[in-house]
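Each residue of the sequence shown is one higher than the last, beginning at 865 in the working numbering. Down below is the structure, laid out as structure tokens.
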Amino acid sequence: MTADLESTARALVAGGKGILAADETPGTLTRRLDALKIVSTPDSRRDYREMFFTTPGIAEFISGVIMQDETIRQKSTKEILLAEVLAQQGILPGIKVDNGAKPLAGTPGENITEGLDGLRERLKEYRGTGARFAKWRAVIAVSDTLPSATCVNVNAHALARYAVLCQEQAIVPIVEPEVLMDGSHGIERCEEVTANVLHAVFNALFEQKVYLEGMLLKPNMVISGIKCERQASVEEVAAATVRCLSRHVPAAVPGIVFLSGGQNHLVATAHLSAINQLEEPRPWTLSFSYGRALQDEALRAWRGKSENLKAGQRAFYHRAKCDSAAALGKYTESMESEPAAA
Ligand code: 13P
């Protein structure tokens, strides 16, 4: 069991590949589709997902896809389960299993991620439909006074409970403690909060006997708040991110896959490449598990129209190719003008 978990975790980050996070809830995806005047229905959401999942050649850059409950139950237009569509190309199907961030009673302005009740049974069902890995996202807001120790500790505890339940069902947990980039704080404050959060998370993972070799960490990069007057340079973000991870993530963890968190897609690619170009030795593979940064260009190219399907797939192929190069530290801006091949 442990050997299987470790080989799946390693496969998800091998060879410059990364993960597509396609696990927006129907509510969140509807908001994104509405913004482009695309009518959101179960079928249109299925068409949108299918565009990504059937992009020709995409398995060269994408090792796994995180789906949402609605998606993992859907069939393609050719009547094949979408999890099977992925598996046929050698892409590992994954599933988001948290029930979202809800207000944390007693600490105004902060959230706790819910979904532990009945999780063992849901994981068993998802494993039966082909899921090989899972995701649970905790969100940590930053201000001069936040996060509270309460918020950090209860979210760390829930992440560890989730992770150990996944491993019991032979599912690799992606542990995602996201320190939000909303706010006017500087990069130093982001580093301080990220350090505290990672420390609490690995403490909880240790206490609850999570097998570190059989998991992946999905953190934020260490970055300036979106409203901060001084935006840190790409080199500063890379150095602060690797320093923070080196101090707080055990070497037994096989891979770290960053979220994009609202960064522009070009910036998210440049940051990942700079991180991988640093000379410091590091024990884990550093790759991506982007949502918006991988999807945004394709969504704008597609616009809900079947005649734009190929254009959407070309945009996705191009972005995934750039992010995969970044995971190897080999991305250059000149790649942006190369024709996409999908
Ligand atoms: P973003 O890359 O859009 O932040 O999404 C990644 C993700 O899975 C958030 O939970």
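We treat Cβ as the ideally placed atom computed from N, Cα and C, and that holds for glycine.
- Our two residues, arginine 1164 and leucine 884, have alpha carbons roughly 17 Å apart in a direct line.
- For tryptophan 1000, the three-state secondary structure derived from DSSP is strand.
- A distance criterion of 6 Å places the beta-carbon of tyrosine 1154 in contact range of the ligand 13P, judged by its closest non-hydrogen atom.
- At least one heavy atom of the ligand 13P falls within 6 Å of the beta-carbon of serine 1124.
- Contact between leucine 900 and serine 908 does not hold, since their C-beta atoms are separated by about 11 Å, which reaches or exceeds 8 Å.
- Cβ contact annotation for alanine 1189 (same chain, cutoff 6 Å, sequence separation greater than five): Tyr1195, in chain order.
- Contact check for valine 1106 and alanine 1134: beta-carbon distance about 15 Å, past the 8 Å limit, so the pair fails to qualify.
- At a Cβ-Cβ threshold of 7 Å, alanine 1116 and glutamate 1077 count as neighbours.
- Under the 8 Å Cβ criterion, the stretch 961-974 does not count as touching the stretch 912-929, having fewer than three qualifying pairs.
- Excluding five sequence positions before and after glutamate 1052, none of the CB atoms of its chain fall closer than 7 Å to its own CB.
- Nearest to proline 1147 by alpha-carbon distance, out of Lys1174, Val877, Leu945 and Ala1184, is Val877.
- Contact annotation: the stretch 1028-1046 touches the stretch 994-1011, with at least three C-beta pairs closer than 8 Å.
- The C-beta separation of alanine 1068 from leucine 1023 comes to about 7 Å, placing the pair in contact by the 8 Å criterion.
- Counting only the Cα atoms, threonine 971 lies some 44 Å from glutamine 1177.
- The C-alpha of leucine 956 lies about 8 Å from the C-alpha of phenylalanine 997.
- About 6 Å separates the beta carbons of leucine 1123 and lysine 1082, which is inside the 8 Å limit, making them a contact pair.
- Here asparagine 1128 is exposed. Its C-beta has fewer than 16 other C-beta atoms within 10 Å.
- Straight-line measurement puts the Cα of isoleucine 936 at about 16 Å from the Cα of glycine 954.
- Lysine 988 carries a helical assignment under DSSP once its states are collapsed to helix, strand and coil.
- Fully enclosed alpha helix (DSSP H) runs of no fewer than 4 residues occupy 1098-1112 of the stretch 1074-1136, in order along the chain.
- Between leucine 1080 and glycine 1125, the C-beta spacing is not below 7 Å.
- Judged by DSSP secondary structure, glutamate 924 falls outside any alpha helix (DSSP H); it is assigned neither H nor E.
- Arginine 895 has its Cβ no nearer than 6 Å to any heavy atom of the ligand 13P.
- Threonine 1149 sits in a strand when the DSSP states are folded into three classes.
- Taking 6 Å as the cut-off, the C-beta of arginine 1001 counts as close to a heavy atom of the ligand 13P.
- Under the three-state reduction of DSSP output, asparagine 1067 falls in the helix class.
- For alanine 1005, there is no enclosing beta strand (DSSP E), as DSSP marks it with neither H nor E.
- A distance of 7 Å or more separates the beta carbons of glycine 1050 and cysteine 1108.
- With a cutoff of 6 Å, alanine 885 counts as near the ligand 13P, since its C-beta is closer than that to a heavy atom of the ligand.
- By the beta-carbon neighbour count (other beta carbons within 10 angstroms, threshold 16), isoleucine 930 is buried.
- Straight through space, the alpha carbons of glutamine 1031 and isoleucine 1087 are spaced by roughly 31 Å.
- Membership of alanine 969 in any alpha helix (DSSP H) is not indicated, and neither H nor E is assigned to it by DSSP.
- Residue pairing by DSSP places leucine 945 opposite Lys939 in a beta bridge.
- If you ignore the 5 residues before and after threonine 1149, its C-beta comes within less than 6 Å of the C-beta of Val877 and Gly1119, all in its own chain and listed in chain order.
- Residue pairing of glutamate 870 in beta bridges, as defined by DSSP: absent, with no partner found.
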